[in-house]
Amino acid sequence: MTEEKRIEEVQPADVQQELENNSGVQVIDVREDEELDEGRIPESVHIPVGDISARMNELDPNQSYVTVCRSGKRSARAAEALQDHGFTVRSMAGGMNEWTGKTE
């Protein structure tokens, strides 16, 4: 039997609070380039979900991450890939559809 992986989800309001409190969390926006026109979380890193595996070497394994997409599905996939490689990562529930914080 295979063990089902559990990706921890975090609510957008909690991510916003962590960012405001400078808790050290880094947001990774996994949406495609054209989706960024809809706004992105300030200081987030943009790595499209299809590039996560190839670009993991750009990430600090000692950093805590939150992945975000439009609705939460792609960010969960990206979080799973990162978790498989030993990263501490959560996925933002509801994605940017639920984000009420600042955007740039």
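Be aware that the sequence shown starts at 1, since it is given in this note's numbering, and climbs by one per residue. Ideal placement from N, C-alpha and C gives every residue a C-beta, glycine not left out. For clarity, every value in this text was computed on a predicted model and none was experimentally measured.
Are the CB atoms of residue i and residue j nearer to each other than 8 Å?
{"i": "Val30", "j": "Pro48", "result": "yes"}
{"i": "Met96", "j": "Arg70", "result": "yes"}
{"i": "Ser65", "j": "Gln26", "result": "Strictly speaking, residue 65 in this sequence is Tyr, with Ser absent from that position. Yes, these two residues count as a Cβ contact at 8 Å."}
{"i": "Arg77", "j": "Glu8", "result": "no"}
{"i": "Thr88", "j": "Ile28", "result": "no"}
Quick one: Cα of residue i to Cα of residue j, how far?
{"i": "Leu59", "j": "Val15", "result": "19 Å"}
{"i": "Glu3", "j": "Ala81", "result": "For Glu3, the predicted model reports a pLDDT of 48, less than 50, meaning its position is unreliable and no value from the coordinates is stated."}
Where does residue i fall in DSSP's three states?
{"i": "Glu18", "result": "helix"}
From what residue to what residue does the beta strand (DSSP E) around residue i run?
{"i": "Ile28", "result": "Val25 to Asp29"}
{"i": "Arg90", "result": "Thr88 to Met92"}
{"i": "Ser44", "result": "No beta strand (DSSP E) contains Ser44, which DSSP labels as neither H nor E."}
Locate the alpha helix (DSSP H) running through residue i, then write down its first and last residues.
{"i": "Ser53", "result": "Ile52 to Arg55"}
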